[in-house]
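Structure, as structure tokens:
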Amino acid sequence: LYFLKKERDGLRLSIEGSQLIKAKKNIVQLTKSQSENWMKGDDIEIDGNSGYVIVQQKNDILGCGNLRNNILRNMIPKERRLKSVTESDDDSFQDSFE
Numbered sequence: 078l079y080f081l082k083k084e085r086d087g088l089r090l091s092i093e094g095s096q097l098i099k100a101k102k103n104i105v106q107l108t109k110s111q112s113e114n115w116m117k118g119d120d121i122e123i124d125g126n127s128g129y130v131i132v133q134q135k136n137d138i139l140g141c142g143n144l145r146n147n148i149l150r151n152m153i154p155k156e157r158r159l160k161s162v163t164e165s166d167d168d169s170f171q172d173s174f175e
């Protein structure tokens, strides 16, 4: 199971690696709207310290991103991105994969 990769500027975690390590710091909280865009593969404009961070929305860990110059670079592999996101009656995400 792949859960991290050593890069020139730090360790990049996979989605599973982000969930396994139970991080207490270097966590970026996204709003619901930001997390929907994130899961579609978009970069997010957000303030924070530069480097690799865990991306989270409420209690859901969405993966790892690289924050540089207030832009959170999306690291979700293309095959794992969502094509669309819809809401159900219980306000949880229902996803549709590409």
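When the letters of the sequence shown are read in order and numbered with our numbering, they come out as residues 78 to 175.
Virtual Cβ for every residue (Gly too), placed ideally from N, Cα, C.
query: Short Cβ contact (9 Å threshold) for G94 with L107; result: no
query: Sequence-distant residues of the same chain with beta carbon closer than 6 Å to Q133, five excluded per side; result: I104 and Q106
query: Buried/exposed call for G128, threshold 16 Cβ in 10 Å; result: exposed
query: Chain-order list of residues whose beta-carbon lies under 7 Å from that of I148 (same chain, five-residue window excluded); result: D120 and E122
query: Three-state secondary structure (DSSP) of N114; result: helix
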